[in-house]
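2 protein chains.
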Amino acid sequence: MAQADPRLHVVVEAALFTLVDDRLCVALHRMRRGLFKGAMALIGGHVHPDEDADTRAAITRILADKAGLHDVFLEQLETFSGKDHHPQRWSVSIAYYALTPLDRLSEGFGLEFVDVDRLPELAFDHQRIVQAALGRLRRKGAYSNLPAMLLPAEFTFPELKAVYEKVLGAPLNDSAFRRKITELKMVEPVPEARSPATAERKRPAQLYRLADRRLAEWDRTL
Amino acid sequence: MAQADPRLHVVVEAALFTLVDDRLCVALHRMRRGLFKGAMALIGGHVHPDEDADTRAAITRILADKAGLHDVFLEQLETFSGKDHHPQRWSVSIAYYALTPLDRLSEGFGLEFVDVDRLPELAFDHQRIVQAALGRLRRKGAYSNLPAMLLPAEFTFPELKAVYEKVLGAPLNDSAFRRKITELKMVEPVPEARSPATAERKRPAQLYRLADRRLAEWDRTL
DNA sequence: TTAATAGTGTCTTTTAGACACTATGAC
DNA sequence: GTCATAGTGTCTAAAAGACACTATTAA
Numbered sequence: 000m001a002q003a004d005p006r007l008h009v010v011v012e013a014a015l016f017t018l019v020d021d022r023l024c025v026a027l028h029r030m031r032r033g034l035f036k037g038a039m040a041l042i043g044g045h046v047h048p049d050e051d052a053d054t055r056a057a058i059t060r061i062l063a064d065k066a067g068l069h070d071v072f073l074e075q076l077e078t079f080s081g082k083d084h085h086p087q088r089w090s091v092s093i094a095y096y097a098l099t100p101l102d103r104l105s106e107g108f109g110l111e112f113v114d115v116d117r118l119p120e121l122a123f124d125h126q127r128i129v130q131a132a133l134g135r136l137r138r139k140g141a142y143s144n145l146p147a148m149l150l151p152a153e154f155t156f157p158e159l160k161a162v163y164e165k166v167l168g169a170p171l172n173d174s175a176f177r178r179k180i181t182e183l184k185m186v187e188p189v190p191e192a193r194s195p196a197t198a199e200r201k202r203p204a205q206l207y208r209l210a211d212r213r214l215a216e217w218d219r220t221l
Numbered sequence: 000m001a002q003a004d005p006r007l008h009v010v011v012e013a014a015l016f017t018l019v020d021d022r023l024c025v026a027l028h029r030m031r032r033g034l035f036k037g038a039m040a041l042i043g044g045h046v047h048p049d050e051d052a053d054t055r056a057a058i059t060r061i062l063a064d065k066a067g068l069h070d071v072f073l074e075q076l077e078t079f080s081g082k083d084h085h086p087q088r089w090s091v092s093i094a095y096y097a098l099t100p101l102d103r104l105s106e107g108f109g110l111e112f113v114d115v116d117r118l119p120e121l122a123f124d125h126q127r128i129v130q131a132a133l134g135r136l137r138r139k140g141a142y143s144n145l146p147a148m149l150l151p152a153e154f155t156f157p158e159l160k161a162v163y164e165k166v167l168g169a170p171l172n173d174s175a176f177r178r179k180i181t182e183l184k185m186v187e188p189v190p191e192a193r194s195p196a197t198a199e200r201k202r203p204a205q206l207y208r209l210a211d212r213r214l215a216e217w218d219r220t221l
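Keeping their order, the protein sequence lines are chains A and B. Residues in the first sequence are numbered consecutively from 0, following numbering that gives the first Met the number 0. Residues in the second sequence are numbered consecutively from 0, following numbering that gives the first Met the number 0.
Structure, rendered in structure tokens:
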């Protein structure tokens, strides 16, 4: 049986997004060594063939190890490939994107959450990967419940609308939005008519949760 | 610098679709050796790091070598990975899908074009790849000019409608379809009001070509 | 002239947007 | 009570579907 080509390096990487104070942010860490020492980079690592069933399992393991995350929304984005910046080396990077509410993240993993509108130079081709992930998020967000993956399990209608506006980058009509979400049965009210633990909110609102925590897509835009 | 893991095999594969007598078909070849000897498989091969700039270049080279195709519509689909059927081996398969009109294909490459509704058992996980490619084609076909990539450069409106119906799997309303295509400026008439070299056609029709040969997407369904 | 498909016009239904209005709770 | 935001109702505009109708050409 043929040996694998030793010049081909296989890595998995994830653009992990969350909302910090209404800003869409991506998780980055600072490289401590190598060609890109000092630059910021996406979360990533190598596949462990005897431990990981597939690349999805590999990036799941890495997200747990490097960000402390479990059961996060995760979807394959695209595979980037070609000569990387190391001489004589050619790599295949299977990129994923992940969405999580801020309240599921914990400190101590050395990650920075950087506003996607204020990204510094990134290591490798991570700039490209982040842009591709943002494009996917914005496009798919228009006809799915994807933006809701950035919210905690329970949320109000105004919060849902705000996250859609953030992701889509455009204001939405309030009553049309409610109508659409309702018709699509995207959410269901939390039974005991809970109102939120208000902060600067002027008035409590009904809490909802996703009717189905999984990704749902529709054939029309919201 | 770390060596690449010798258990990881990297391959590129393509589900190449075309229309044969109004049936959507995928290009398959029969395996002549190996674990799946005798089974049918997608077009694919290995990456040549010193020859291929990236995996897209690799599959482009392979499509030229194994199907005689150049400048075909090609898009990355998804990467499939995990233990393949060989003991001790774990592979990463970067899958693409390609669309071509039949008239650009030539004989002599040992390919069979098999109706996607009558697929035999396939080698490896190629069944899964074909299904994923079909799903992509059908979904994306609903809001893009993707189905037109299956037609020759010049085509009539009825032909365009037929290929959309084939891809989407549902009949379309004639006047609404024309209206939509026209509004979107998807096509432009071929200047000298050419009518087609009729075969069993009862009446000639205006020829059109894509306004832009590249993939175009819209934010609403057709 | 007839058969058959190409292509148009128009009415109806559905969907989306605008926006005024009512409701509720903090203060 | 007032203010601010939550949430509803209703009118209008735009898009999609249905379908009858006209146009053109081969035979």
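Ideal Cβ positions, reconstructed from N, Cα and C, are used throughout, including at glycine.
Here's the rule I'm using: 16 or more other beta-carbon atoms within 10 Å means buried, otherwise exposed. How should residue i be labelled?
i	result
D53/B	buried
D124/B	buried
H8/A	buried
K160/A	buried
P203/B	exposed
L34/A	exposed
T59/B	buried
A57/B	buried
S174/A	exposed
L191/B	Leu is not the amino acid found at residue 191/B; the sequence shown has Glu there. Flag for E191/B reads exposed.
D51/A	buried
G107/A	exposed
Please identify the residue among the options whose C-alpha is closest to the C-alpha of residue i.
i	options	result
Q126/A	E12/A, I58/A, R212/A	E12/A
L209/B	C24/B, L171/B, G37/B, T155/B	T155/B
S105/A	R55/A, A26/A, R219/A, F176/A	A26/A
R103/B	G109/B, E74/B, R32/B, L68/B	L68/B
C24/A	K139/A, R32/A, L41/A	L41/A
T99/A	A152/A, G43/A, I180/A	A152/A
L110/A	R177/A, L62/A, V91/A	L62/A
R29/B	D21/B, S92/B, L121/B	L121/B
S143/A	P86/A, R212/A, D21/A	R212/A
L101/B	V91/B, L214/B, L183/B, F16/B	F16/B
K139/A	R32/A, E74/A, R22/A, G43/A	E74/A
R137/B	E50/A, R55/A, R178/A, D218/A	D218/A
Q205/B	P157/B, M185/B, A215/B, V71/B	P157/B
List, in order along the chain, the chain A residues whose C-beta lies closer than 9 Å to that of residue i?
i	result
I58/B	By Cβ distance, chain A contributes nothing, its closest Cβ being about 11 Å from I58/B, past 9 Å.
D217/B	First, the residue type needs correcting, since residue 217/B is Trp and not Asp in the sequence shown. Going along chain A, no residue has its Cβ under 9 Å from W217/B, so there is no contact; the nearest lies around 10 Å.
Q130/B	The contacting residues do not exist; Q130/B stays about 16 Å from chain A at best.
I93/B	T78, S80, V91, I93
Tell me whether residue i sits in a helix, a strand or coil according to DSSP, three-state version.
i	result
G37/A	coil
L62/B	helix
Q130/B	helix
A94/B	strand
R135/B	helix
P5/A	coil
D116/A	helix
S105/B	coil
F156/B	helix
T220/A	coil
R177/B	helix
L243/B	Here chain B has residues from 0 to 221 only, and residue 243/B is not among them.
A14/B	strand
R213/B	coil
T54/A	helix
E191/A	coil
K184/B	coil
G140/B	helix
A161/A	helix
Anyone know if the C-beta pair for residue i and residue j falls short of 7 Å?
i	j	result
L76/B	A94/B	yes
V19/B	F79/B	no
V129/B	A14/B	yes
V166/A	P146/A	yes
V162/B	L149/B	yes
P5/B	A131/A	no
V10/B	H47/B	no
T220/A	A169/A	no
D114/B	R55/B	no
Output, in chain order, the set of chain A residues within a Cβ distance shorter than 8 Å of residue i.
i	result
A3/B	A3, D4, P5, R6, L7, H8, V9
D173/B	Neighbours of D173/B on chain A: none; closest Cβ ~21 Å, over 8 Å.
Using a cut-off of 8 Å between C-beta atoms, extract the partners of residue i located in chain B.
i	result
S143/A	Residues of chain B passing the Cβ test: none, with the nearest at roughly 12 Å.
A52/A	G81, K82
What does residue i reach in chain B if we use C-beta pairs closer than 9 Å?
i	result
V46/A	D4, L7, S80, W89, V91
Run through chain B and tell me which residues come within less than 7 Å of residue i, C-beta to C-beta.
i	result
T181/A	Near T181/A there are no residues of chain B at all, since even the closest Cβ is about 21 Å away, more than 7 Å.
Q75/A	E77, T78
T220/A	D218, R219
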